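Everything in the sequence shown is counted per full-length UniProt numbering, starting at 1 for the first residue and increasing by one. By construction, the Cβ of each residue, glycine as well, lies at the ideal position given by its N, Cα and C atoms. The structure presented is a predicted model; accordingly, all values stated were derived computationally and were not measured. Everything on this sheet refers to the single structure shown next.
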Amino acid sequence: MVGKEERERIQMMFFSAAEGERFRQLTTKMDQTIRKLGPSKIRLYQQDAAAKAAAKKAAKAKEKSVKGK
Numbered sequence: 001m002v003g004k005e006e007r008e009r010i011q012m013m014f015f016s017a018a019e020g021e022r023f024r025q026l027t028t029k030m031d032q033t034i035r036k037l038g039p040s041k042i043r044l045y046q047q048d049a050a051a052k053a054a055a056k057k058a059a060k061a062k063e064k065s066v067k068g069k
């Protein structure tokens with residue numbers, strides 16, 4: 001489930017080749033919205049999960065090396 005903040009990051013728009021100005025306006029508005037929201041919480045969660053997995057792997061390797069001595 002995507003939270004309200006993340007829903008603001010996702011938009012679907014359709015443009016014809018003749019709507020260059022409309023495209024510019026809407027993409028500028030979307031860029032401003034995303035900058036205002038800051039980093040995606042989804043990306044931060046993924047980075048945190050990767051860091052935890054790496055720490056767990058390192059702890060297992062250390063435990064294995066201690067047992068091997």
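Just measuring C-alpha positions, the residue of 41, 8 and 65 sitting nearest residue 33 is 8.
With a cutoff of 7 Å on beta-carbon distance, residue 26 and residue 12 are scored as not near each other. Annotation for residue 34: the continuous alpha helix (DSSP H) segment containing it runs 20-37. Between the C-alpha atoms of residue 6 and residue 65 there is a straight-line separation of about 43 Å.
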